[in-house]
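Engineer: Chains as they are written, first to last, in numbering that gives the first Met the number 0: chain A, 0 to 389; chain B, 0 to 391.
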Amino acid sequence: MTTFERSEYLDRMARAKKRMEAVGLDLLLVNDPANMCYLSGYNAWSYYTHQVLVVSPDSEEPIWIGRGMDATCGHATCWTKHENIVGYPDHYVQSTERHPMDWMSQWLTDRGWGGGTIGVEMDSYFYSALAHKRLVAGLPNAKFKDATGLVNWARVVKSPAEIALMKRAGKLVELAMKAAVDNIVPGNRECDAVGEILYAGIKGTEEFGGDYTAIMPLLPTGKGTSAPHITWSDKPFETGNGTIIEIAGCHERYHCPMARTVYLGTPPKDVSDTAKVVVEGLAAALDAVRPGVVAEEVEAAWRGVIAKHGIVKDSRIGYSTGLNFPPDWGEHTVSLRPGDRTELQPGMTLHCIPGVWGKAWGIEVSECFHVTDKGAVPFASYPRDLVVKA
Amino acid sequence: MAVFERAEYLDRVARVKTRMARDGLDLLVVTDPANMNYLAGYDGWSFYVHQCLIVTQDHAEPLWIGRAQDASGARITTWLSADAVIGYPDRYVQSTECHPMDFVADLLTDRGWDKGRIGTEQDAYYFNAACQAALEAGLPNARFADATLLANWERAVKSDAEVAHLRIAGKIMERVMDAALDATAPGARQSAVAAAALRAMPRGTPEHGGEYPGLLPPLLPTGESSGAPHLTWTDRAYQRDEMAVFELGATRHHYHSPMVRSAWLGGNPPERVADLAKIVAEGLESALDAARSDVAAEDVSDAWRRVTARHGLEKKSRLGYSVGLGYPPDWGEHTISLRAGDRTELRPNMAFHAIASLRRDEVTCKMSEAFLITETGAETLARVPRELFTRH
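The following block contains the structure:
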């Protein structure tokens, strides 16, 4: 059973093929798990072994090639015919003698796709240096071209069906954030709070449950708030410390991320003042969002507010998000940062996550929203102010 | 604060340098997050941007190179001195104009490390084709060699301190599996079972918390799809008279004790299914009996295969693999496999995950154990009855 209608997948394929044509590709080998899922529906935890999705103008459907034992996952989740799910034998898995790309090169050659210009996602997470080397060696008649981002850019504007899933993710992150705030109390261990966050976000509502998020809950606390990607420990929360909560809700692989900051006890004045500035800056950034505005103008609105309060900081404050798998829920396309001139369009979905860090503390507050004709509409509703728990 | 004593890290680095010398490497670029943790202690969810350790023969400590905003995380979690932690500017992040490995190449050149033979982990997760291309372009005087698994092999035999973490992970697994089984019943949503298991993973025991496993989501193939091993879950409700499989991970400081169990839902299993489960359990037990110091890895899978062959059944994929430290997307170490042809000799303090799985009449039954090789045999890390459960 697939998440979307067949017609939606066909439309995605058509747009990917159009982009291929524009850059002169005869064949595209998709390796990014989110791009594979976007085009085929494939959804399984199997990208720790090599797998690709083959997109050719000669074939209406994409062809999934992966480990033989995962072909069943392909049958269960892809919209394609069974013949377009192809498995390689298990002795290619983590072997020092043979590589899955050797098998795939042979398969492509047999299919008559061993020549021409082939696009590969050189900078995607799981397209290893060796995978590329073996593919190049196995297809001596082909020319290779970097196609990193090609499918990612086709994902930027969401369909109504995708927006509906992100609205569900928005409900889930509200539940998860409530669990986080409820469980960050003096004496409770960080790992206990994480357990409750995961539970609430996945248990979900009466109507629907959640999926695993592409980034695990990040809970930098105390001095660690200056280290944004620390996950958690089993130490208890302590009064007199702030904790940044960066989490997401996820439904059928679509994410709604959210960040809030909690302080246990009475926050020092610089912490509470900065929190107000960040909230004001976030509101200004969201207000700047409308179709036709370019990405960097959203960042400029934020920067204008913090400059008024004497804070100078050039940085990325957001990015495009939606469908994803670990290790990232960002789409690696649009960034809300100086220099990004991408025009915002209705249906784009972004996570705006500005932050300000002192030496021993940090404040982050965020919203994930979609661009509509009326401006930015957040997927979730949760108070933005610094949460102070006495 | 790093998890292990400084002396243990120094020993790990020294062993890696010995392997480097043997393979004729002057410098090693380590990108596998588990290898980075093993050698430096580094722990953070930052492997979605490029980062690495540099190990050289003429420098006692490895260098950590990563995104500038993660340098503070490196100072908190590693044993490295402050000047061994180097951050690259944010403009290198997900840019179409420059690559973080350009920065690494420039840094190596500045230090005079741009000549000689450089090892890269060419088949490691996250070290992608663009990384290698950027290093080759930036270091024209260097020769490159594939050093995939060089550090992984040093991880195969665990120290006693690592074994202590594995045993704690086993204790956490007992609670994780309990939580999953408790939440399972006909009518329960799969997502509710996933939620219960994921809550138990970080919560751990009252004494010790856990982290996120390398195979991050619980894998819950069910019913018709019980043979699709890497499906996660949906909102579908469990049905009566179907098989539910649970493949779960538990970790302590990122050391893993994975486990698979199966449950028949809604009543007692049909005789053919109960019989299949007995064969799976018998085969797994005979593999565990065969696992001891000095036997070869394939002797363990042979013991399993002899049992299944007697019943006319076969598992096509390998029986198991070496486990320990791991980050998403995998908890396997990619070194030793319990499969025909792997002649690696088992040694005390190696750890494995053996997954016994058989399919008959469209039903898959699966059970596994994570175990440690001791002086006297195999010690399972978690104690959960090795049987087909039933949930009503």
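Here a beta-carbon is modelled for each residue, glycine too, at the ideal position from N, C-alpha and C.
Under 8 angstroms by Cβ, that's how I've got Ile196(A) and Ala179(A) pegged, so tell me the actual separation to the nearest angstrom.
Structural biologist: Looking up residue 196(A) in the first sequence gives position 197. Looking up residue 179(A) in the first sequence gives position 180. Going by Cβ atoms, the distance from Ile196(A) to Ala179(A) rounds to 5 angstroms, so yes, they are a contact pair.
Engineer: Is there at least one Cβ from chain B nearer than 8 angstroms to Phe207(A)'s Cβ?
Structural biologist: The residue you call residue 207(A) lines up with position 208 of the first sequence. By this cut-off, Phe207(A) is an interface position.
Engineer: Return the residues of the stretch 246-277 of chain A that lie within a Cβ-Cβ distance of less than 7 angstroms from chain B, sorted by chain order.
Structural biologist: none
Engineer: Using a C-beta to C-beta distance shorter than 9 angstroms, which residues of chain A count as neighbours of Thr373(B)?
Structural biologist: Taking the second sequence and counting its residues from 1, one reaches residue 373(B) at position 374. By Cβ distance, chain A contributes nothing, its closest Cβ being about 26 angstroms from Thr373(B), past 9 angstroms.
Engineer: Where Tyr47(B) and Pro235(A) are concerned, what is the direct C-alpha to C-alpha distance, given to the nearest angstrom?
Structural biologist: Sequence index remark: in the second sequence, residue 47(B) carries index 48 (1-based). Sequence index remark: in the first sequence, residue 235(A) carries index 236 (1-based). Computed Cα separation, rounded: 28 angstroms.
Engineer: Identify whether Trp152(B) lies in helix, strand or coil by the three-state DSSP scheme.
Structural biologist: As a position in the second sequence, residue 152(B) is number 153, starting the count at 1. The answer is helix: DSSP assigns Trp152(B) an H, G or I state.
Engineer: Ignoring anything shorter than 4 residues or poking outside the stretch 27-83 of chain A, list the alpha helix (DSSP H) runs there in chain order.
Structural biologist: With a minimum length of 4 residues, the continuous alpha helix (DSSP H) runs that stay inside the stretch 27-83 of chain A are 32-39, 70-76.
Engineer: Is it right to say His391(B) is buried, meaning 16 or more other beta carbons lie within 10 angstroms of its own, or is it exposed?
Structural biologist: The residue you call residue 391(B) lines up with position 392 of the second sequence. Exposed is the call here.
Engineer: With a cut-off of 8 angstroms, does the C-beta of Tyr125(B) fall near any C-beta of chain A?
Structural biologist: Within the second sequence, the letter at position 126 stands for residue 125(B). Taking Cβ atoms only, chain A reaches closer than 8 angstroms to Tyr125(B), which makes this a yes.
Engineer: Any idea if His164(B) is buried or exposed, counting beta-carbon neighbours within 10 angstroms, 16 or more meaning buried?
Structural biologist: Reading the second sequence from its first residue, position 165 is the one you call residue 164(B). Answer is buried; the Cβ neighbour count reaches 16.
Engineer: When the Cα atoms are used, what is the spatial distance from Leu197(B) to Val175(B)?
Structural biologist: To locate residue 197(B), count along the second sequence from 1; it is residue 198. To locate residue 175(B), count along the second sequence from 1; it is residue 176. Leu197(B) and Val175(B): Cα-Cα distance of roughly 8 angstroms.
Engineer: Residues of the stretch 55-88 of chain A with a CB closer than 9 angstroms to any CB of chain B: list them in chain order, please.
Structural biologist: The residues in question are Arg66, Gly67, Met68, Asp69, Ala70, Thr71, Cys72, Gly73, His74, Ala75, Thr76, Pro88.
Engineer: Where does Asn36(B) sit, in a helix, a strand or coil, going by DSSP?
Structural biologist: As a working mapping, residue 36(B) is identified with position 37 in the second sequence. In the structure shown, the three-state DSSP call for Asn36(B) is helix.
Engineer: Provide the residue span of the alpha helix (DSSP H) that contains Ala6(B), from first to last.
Structural biologist: What you label residue 6(B) is simply residue 7 of the second sequence in a count that begins at 1. Counting along the chain, the alpha helix (DSSP H) containing Ala6(B) begins and ends at 5-21.
Engineer: Between the stretch 160-193 of chain A and chain B, which residues of the former have a C-beta closer than 7 angstroms to a C-beta of the latter?
Structural biologist: Arg188, Cys190, Asp191, Val193
Engineer: Apply the 10 Å Cβ neighbour rule to Ser94(B) and answer buried if 16 or more other Cβ atoms are within range, or exposed otherwise.
Structural biologist: In the second sequence, counting from the first residue as 1, residue 94(B) sits at position 95. Result: exposed.
Engineer: Could you work out which residue in Ile278(B), Thr204(B), Asp42(B), Gly118(B) is closest to Val306(B) when comparing CA atoms only?
Structural biologist: Counting from 1 along the second sequence, the entry for residue 306(B) is found at position 307. Comparing alpha-carbon positions, the option among Ile278(B), Thr204(B), Asp42(B), Gly118(B) lying closest to Val306(B) turns out to be Ile278(B).
Engineer: Would you verify that the beta carbon of Gly137(A) is, or is not, closer than 8 angstroms to some beta carbon of chain D?
Structural biologist: The question asks about chain D, but that chain is absent: this structure's protein chains are A and B.
Engineer: Where do the N-terminal and C-terminal ends of the alpha helix (DSSP H) with Asp10(A) fall, by residue?
Structural biologist: Numbered from its first residue, the first sequence carries residue 10(A) at position 11. According to the DSSP assignment, Asp10(A) belongs to the alpha helix (DSSP H) that extends over 5-21.
Engineer: Quickly, what does DSSP pair Ala287(A) with across the bridge? List them, please.
Structural biologist: Position 288 of the first sequence holds residue 287(A). As computed with DSSP, Ala287(A) is found in no beta bridge at all.
Engineer: Can you confirm whether Glu195(A), when its beta carbon is compared against all beta carbons of chain B, has any partner nearer than 8 angstroms?
Structural biologist: Position 196 of the first sequence, counting from 1, holds the residue named residue 195(A). It does: the Cβ of Glu195(A) has a partner Cβ on chain B nearer than 8 angstroms.
Engineer: Is it true that the CB of Tyr318(A) sits closer than 8 angstroms to the CB of Val304(A)?
Structural biologist: Taking the first sequence and counting its residues from 1, one reaches residue 304(A) at position 305. Taking the first sequence and counting its residues from 1, one reaches residue 318(A) at position 319. No, they are not a contact pair.
Engineer: Where does Asp101(A) fall in DSSP's three states?
Structural biologist: Counting from one through the first sequence, the residue named residue 101(A) turns up at place 102. It is helical.
Engineer: Go to Ala375(A), then tell me how far its beta strand (DSSP E) extends in each direction, as first and last residue.
Structural biologist: By 1-based counting over the first sequence, the position of residue 375(A) is 376. 374-377 is the span of the beta strand (DSSP E), which, as asked, contains Ala375(A).
Engineer: Only counting the same chain, and skipping five residues up and downstream in sequence, which positions put a Cβ closer than 6 angstroms to that of Leu107(A)?
Structural biologist: Reading the first sequence from its first residue, position 108 is the one you call residue 107(A). For Leu107(A), same chain residues with a beta-carbon under 6 angstroms away, outside a window of 5 residues either side, are Gly113 in chain order.
Engineer: Taking only three categories from DSSP, how would you classify Gly72(B)?
Structural biologist: Position 73 of the second sequence holds residue 72(B). Helix at Gly72(B).
Engineer: Could you confirm whether any beta carbon from chain A is found closer than 8 angstroms to the beta carbon of Gly169(B)?
Structural biologist: The count along the second sequence starts at 1 and reaches residue 169(B) at position 170. Judged by the 8 angstroms Cβ criterion, Gly169(B) is not in contact with chain A.
Engineer: Quick one: which chain A residues come within Cβ less than 7 angstroms of Tyr47(B)?
Structural biologist: For this step, residue 47(B) is matched to residue 48 along the second sequence. The answer, in chain order, is Pro326, Asp327.
Engineer: Please report the Cβ distance between Thr183(B) and Glu120(B), rounded to the nearest whole angstrom; I am assuming they are in contact, meaning their Cβ atoms lie under 8 angstroms.
Structural biologist: In the second sequence, the residue the question calls residue 183(B) occupies position 184. In the second sequence, the residue the question calls residue 120(B) occupies position 121. Wrong, their Cβ atoms sit about 39 angstroms apart, outside the cutoff.
Engineer: Mind listing the chain A neighbours of Tyr211(B)? Cutoff is C-beta to C-beta under 8 angstroms, in chain order.
Structural biologist: Numbered from 1 along the second sequence, position 212 holds the residue referred to as residue 211(B). Within chain A, the residues near Tyr211(B) are Met215, Thr230.
Engineer: Note down, in chain order, every chain B residue with its Cβ under 8 angstroms from the Cβ of Met121(A).
Structural biologist: Taking the first sequence and counting its residues from 1, one reaches residue 121(A) at position 122. Under the 8 angstroms cutoff, chain B gives Asn127, Ala128, Ala129, Ala132.
Engineer: Which value, in whole angstroms, describes the spacing of the CA atoms of Gly65(A) and Leu214(B)?
Structural biologist: Here residue 65(A) refers to the residue found at position 66 of the first sequence. Here residue 214(B) refers to the residue found at position 215 of the second sequence. If you take the alpha carbons of Gly65(A) and Leu214(B), they lie about 18 angstroms apart.
Engineer: So, is the C-beta of Leu129(A) closer than 8 angstroms to a C-beta in chain B?
Structural biologist: Here residue 129(A) refers to the residue found at position 130 of the first sequence. It does: the Cβ of Leu129(A) has a partner Cβ on chain B nearer than 8 angstroms.
Engineer: Just reading off the alpha helix (DSSP H) that Arg188(A) is part of, what are its end residues?
Structural biologist: As a first step, residue 188(A) is located in the first sequence; it is residue number 189 there, counting from the start. Note, Arg188(A): premise wrong, no alpha helix (DSSP H); not H, not E.
Engineer: Can you check which of these residues, Lys373(A), Lys177(A), Tyr87(A), is closest to Leu285(A) by C-alpha distance?
Structural biologist: Position 286 of the first sequence, counted from the first residue, corresponds to residue 285(A). Ranking the options by Cα distance to Leu285(A), first place goes to Lys373(A).
Engineer: Identify whether Asp341(B) lies in helix, strand or coil by the three-state DSSP scheme.
Structural biologist: Stepping through the second sequence from its first residue, residue 341(B) is reached at position 342. Reduced to three states, the DSSP call for Asp341(B) is coil.
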